[in-house]
Every structure is written in C-alpha cells, then in structure tokens.
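For the sequence shown, the tail end lands on 135 under UniProt numbering, and the numbers increase by one without skipping.
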Amino acid sequence: MLSNNNMTIERRQDARFDDQSLVFVETESAQPGTLAPTKLALARTLDISAKGLQIATQEALTANRILRIFVDNGEDYPLTLVGEVKWTRQEGEEHLSGIELYPSRETAQKQWAEKVRHKLALDAAGGEEALRQAG
C-alpha cells in the first residue's frame with residue numbers, strides 16, 4: 001500500500017488473510033569460518049498472501065534487506081521462505097514489516113502459496129456454507 005497526501009493506492013495483487021502465526025526471522029546469518037551463530041528473531045504474522053506477509057517483531061528490521069523466514073507448517077520441518085523487507089514502521093512497542101517473498105527452487109515459496117490458496121478455498125467454502133444455512 002502506498003500512501004501520499006491522504007491518498008492510498010493499493011498495489012497488492014493477491015488476496016490477503018488475517019493470520020496470527022509465530023515465525024522465526026533470520027536477522028543475522030552465520031559467517032563461514034567464524035563461530036558466530038545465526039541470530040533468529042521471533043515474529044508474529046498479521047496477514048498473509050501467496051506472495052508476501054506482514055509481520056510484527058520486537059526489533060526493527062531494515063527496508064530492502066533480504067531475510068530467511070521459517071514457518072511451522074505442522075510437518076517435521078519448517079517451510080523456509082526468502083523475502084525482501086519492502087517497508088517497516090513502528091507501531092507502539094512493535095515493529096511492523098511487509099515482506100515480499102521471492103520464488104526460488106531452494107525455498108518453500110510454492111508450498112507457502114499453496115497453503116494460502118487452500119486457506120482461500122476454505123474461507124470461500126465456509127462463506128458459501130454460511131449463506132446456505134442462513135437461507
């Protein structure tokens with residue numbers, strides 16, 4: 001979303017869903033040849049789409065930074081997503097960030113997109129069922 005002089009332009013192309021899931025964000029990668037560990041931050045998703053997500057963190061993220069994000073998908077291993085921080089702002093005690101996911105063979109972006117599409121189908125089916133029950 002782009003805001004200019006109280007005019008808001010919606011640039012999202014995919015349906016978004018409110019979502020409150022915990023994810024881990026890699027804030028600092030381990031460097032080869034050092035003993036420094038990878039640093040992870042706990043984040044909370046606010047909304048998700050097939051190509052992105054909005055997260056809340058305790059520490060500020062930097063715009064234009066590329067991050068790895070680990071999502072618990074109920075399987076034995078988390079989905080590993082790679083995305084770019086497109087925007088960030090502080091809201092109260094939290095820092096909100098919009099992440100655009102990169103498609104990659106090495107990440108689970110396709111699985112993520114399928115998970116979001118499945119949620120869309122369930123939401124649509126639930127809405128249709130509610131209309132049938134009301135009618």
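A virtual CB, placed ideally from N, CA and C, is assigned to each residue, including glycine.
As summarised for the UniProt domain "PilZ" (10-107), the continuous beta strand (DSSP E) elements at least 3 residues long and confined to that stretch are 22-28, 39-49, 52-57, 66-71, 79-91, 94-101, given in chain order. With respect to the C-alpha of Asn73, the residue from Thr88, Val85, His95, Glu114 having the closest C-alpha is Glu114. For the set Gly83, Thr80, Ile99, the Cα lying nearest the Cα of Arg89 is the one of Ile99.
At a Cβ-Cβ threshold of 7 Å, Thr38 and Asp19 do not count as neighbours. By the 16-neighbour rule on beta-carbons within 10 angstroms, Ile66 is exposed. Sequence-distant Cβ neighbours of Gln58 in its own chain, meaning closer than 8 Å and more than five residues away, are Ala41, Leu42, Glu93, Glu94, His95. The beta carbon of Ser21 is closer than 6 Å to those of Thr45 in its chain, skipping five residues each way along the sequence. Rounded to the nearest whole angstrom, the CA to CA distance from Ala36 to Leu122 is 43 Å.
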